[in-house]
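In short: position in the sequence shown from 1, add 115, done, that's this note's numbering.
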Amino acid sequence: MEFTLSPTYPHQPLISALTTFYTLLVDLCYIPASCLSLPLVKTGSHPPRSINHRAASRHGFSNEVIDLTYRIPYLTDDDYKIHGETNPLCYLVPPGKQIPGDEDEYNPLEQEEGEEQWEYAKDPTYQERDDLFKNRNALVLTRGNAYGTELIYDLDKCTITAWNHFTQSDYWTDEPSYSMTSVHNPLYVWINHFLTLEYIPFEGNLIVPLPLEAHGYPGNNPSEEEMEQWREGIKRHEKERGLKNVYIECGWKTDAANSLGINSKDDGKNVANEEQDRRIWEKLEQAREMARNDFQGNVFVEKRKKYMKRIYTESS
116 MEFTLSPTYP
126 HQPLISALTT
136 FYTLLVDLCY
146 IPASCLSLPL
156 VKTGSHPPRS
166 INHRAASRHG
176 FSNEVIDLTY
186 RIPYLTDDDY
196 KIHGETNPLC
206 YLVPPGKQIP
216 GDEDEYNPLE
226 QEEGEEQWEY
236 AKDPTYQERD
246 DLFKNRNALV
256 LTRGNAYGTE
266 LIYDLDKCTI
276 TAWNHFTQSD
286 YWTDEPSYSM
296 TSVHNPLYVW
306 INHFLTLEYI
316 PFEGNLIVPL
326 PLEAHGYPGN
336 NPSEEEMEQW
346 REGIKRHEKE
356 RGLKNVYIEC
366 GWKTDAANSL
376 GINSKDDGKN
386 VANEEQDRRI
396 WEKLEQAREM
406 ARNDFQGNVF
416 VEKRKKYMKR
426 IYTESS
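(1) Using CA coordinates, which residue listed in Leu270, Leu302, Arg425, Ile275 is at the minimum distance from Pro291?
(2) Could you pull out every residue in the same chain whose Cβ sits closer than 6 Å to the Cβ of Phe136, ignoring the five residues on either side in sequence?
(3) Taking all protein chains shown into account, decide if Arg407 is buried (16 or more other Cβ within 10 angstroms of its Cβ) or exposed.
(4) For the stretch 267–287 against the stretch 208–217, are there 3 or more C-beta pairs whose distance is under 8 Å?
(5) Can you check whether the CB of Thr257 is closer than 7 Å to the CB of Leu207?
(6) Taking 8 Å as the threshold, find out whether the stretch 181–200 comes into contact with the stretch 146–155 through three or more Cβ pairs.
(7) Expressed to the nearest angstrom, what Euclidean distance is found between the alpha-carbon atoms of Leu399 and Ser284?
(8) Would you mind reading off the limits of the alpha helix (DSSP H) that contains Trp396?
(9) Can you tell me whether DSSP reads Leu266 as helix, strand or coil?
(10) Kindly indicate which three-state DSSP category Phe309 falls into: helix, strand or coil?
(11) Give a yes or no on whether the C-beta atoms belonging to Lys354 and Ile426 are separated by under 7 Å.
(12) With DSSP run on the structure shown, which of helix, strand or coil describes Arg425?
(13) Please confirm whether Phe410 and Gly366 have their CB atoms less than 7 Å apart.
(14) What three-state label does DSSP hand Gln391 in the structure shown?
(15) Classify Gly263: buried if its beta carbon has 16 or more other beta carbons within 10 angstroms, exposed otherwise.
(16) What are the uninterrupted segments assigned as beta strand (DSSP E) that are 3 or more residues long and contained completely in the stretch 166–224, given in chain order?
(17) With a threshold of 8 Å, are at least 3 pairs of Cβ atoms found where one atom belongs to the stretch 302–320 and the other to the stretch 226–242?
(18) In the structure shown, what three-state DSSP assignment does Asn320 receive?
(19) Count the other CB atoms, across all protein chains shown, that sit within 10 Å of the CB of Ala371; report buried if there are 16 or more and exposed otherwise.
(20) DSSP on Thr276, reduced to helix/strand/coil?
(21) Check for me: the alpha helix (DSSP H) holding Tyr124 runs from which residue to which?
What follows is the structure, given as structure tokens:
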């Protein structure tokens, strides 16, 4: 029998959106299906003792936060980029590893299995701060590292904040937060980037549109050799962006989100049916299914190999 969360469960939109996002990355032949870990169908939760709950409590996270970590999906390989320099954050203990029991003695000199994730979540800045989530019922969803983004979910408000601790405010609460019914919610924006292939995944990284200045312009009075290297870099980037055409040739529908009326530029003022149309997480799942419906993944993988080999040969 399949487990179903109550329709009134406040965090279901987050669970649904994360499931759509991670499944989309698998659909795009970017992340292997073996790296996608979904809650068990029968329980709606990951297995008991797959998350170090005592480490979570020790680092100040509430029982509600811990319960939510058991219910959300994960990408178990954090080497993949999912937005800029952002990587997944997985709270699950790796297969074959064991967490200590509640009765086991705690040794503060040794890091327990499954504790590093909670240490990171407590202080993503690596500055030994203990004020970021004090008295906050919040869960960090991604690893921003130095130049990436932490997506932070506020369980009390059911909102998401995108925070880059290196370039933005010292406190994530100073940044804008977005409800799960807002088209501007950063998680939805990220999903849409992949649906439309504005972000093109390739070998653990992302090929994204860049302004000219981001291509490493050699500065004032560059030599002809420096200018030539710069031009070649731009040409190569444009060729890599051409991988989008390979996706489309293999059946990927880049207009799926737009055809369902999902537009992050929408200000929400022209919604005919507010209750129905603002359930964006459901529409994004429909868009994912529509985008991949005719996509030939196996054919794409082979064409991608040939395409990338060709452009790198031309660039050498």
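Even glycine gets a Cβ: it sits at the ideal position worked out from N, Cα and C.
Result, derived from the coordinates:
(1) Here residue 291 refers to the residue found at position 176 when the sequence shown is read from its first residue. The shortest CA-to-CA distance from Pro291 to any of Leu270, Leu302, Arg425, Ile275 is the one to Ile275.
(2) Mapped onto the sequence shown, residue 136 falls at position 21. For Phe136, same chain residues with a beta-carbon under 6 Å away, outside a window of 5 residues either side, are Ile306 in chain order.
(3) As a working note, residue 407 is residue 292 in the sequence shown. By the 16-neighbour rule on beta-carbons within 10 angstroms, Arg407 is buried.
(4) No: fewer than three Cβ pairs fall under 8 Å.
(5) For the purposes of this step, residue 207 is taken as the residue at position 92 of the sequence shown. For the purposes of this step, residue 257 is taken as the residue at position 142 of the sequence shown. No, they are not a contact pair.
(6) A contact exists between the stretch 181–200 and the stretch 146–155.
(7) For the purposes of this step, residue 399 is taken as residue 284 along the sequence shown, with counting starting at 1. For the purposes of this step, residue 284 is taken as residue 169 along the sequence shown, with counting starting at 1. The alpha-carbon atoms of Leu399 and Ser284 are separated by roughly 30 Å.
(8) On the sequence shown, position 281 is the one that residue 396 refers to. Trp396: member of the alpha helix (DSSP H) spanning 395–407, first to last residue.
(9) Mapped onto the sequence shown, residue 266 falls at position 151. Note: Leu266 maps to strand in three-state DSSP.
(10) To locate residue 309, count along the sequence shown from 1; it is residue 194. DSSP places Phe309 within a helical segment (H, G or I) once states are collapsed to three.
(11) Against the sequence shown, residue 354 aligns to sequence position 239. Against the sequence shown, residue 426 aligns to sequence position 311. It is a contact, given that the beta carbons lie within the stated cut-off.
(12) On the sequence shown, position 310 is the one that residue 425 refers to. In the structure shown, Arg425 sits in a helix (DSSP, three-state: H, G or I).
(13) For the purposes of this step, residue 410 is taken as the residue at position 295 of the sequence shown. For the purposes of this step, residue 366 is taken as the residue at position 251 of the sequence shown. Yes, Cβ-Cβ distance for Phe410 and Gly366 is below 7 Å.
(14) In the sequence shown, counting from the first residue as 1, residue 391 sits at position 276. Legend: pLDDT at Gln391 = 44, less than 50; position of this residue unreliable, value from coordinates given subsequently. Gln391 falls in the helix class under three-state DSSP.
(15) Numbered from 1 along the sequence shown, position 148 holds the residue referred to as residue 263. Within a 10 Å sphere around the beta-carbon of Gly263 sit 16 or more other beta-carbons, which makes this residue buried.
(16) Fully contained in the stretch 166–224 is no beta strand (DSSP E) run of length 3 or more.
(17) No: fewer than three Cβ pairs fall under 8 Å.
(18) Start at 1 with the first residue of the sequence shown, and residue 320 comes out as number 205. In the three-state reduction of the DSSP assignment, Asn320 falls in the strand class.
(19) Working through the sequence shown from its first residue, we reach residue 371 at position 256. The residue in question, Ala371, is buried, as its Cβ has 16 or more Cβ neighbours within 10 Å.
(20) Working through the sequence shown from its first residue, we reach residue 276 at position 161. Judged by DSSP in its simplified three-state form, Thr276 adopts strand.
(21) Against the sequence shown, residue 124 aligns to sequence position 9. Tyr124: not part of any alpha helix (DSSP H); DSSP gives it neither H nor E.
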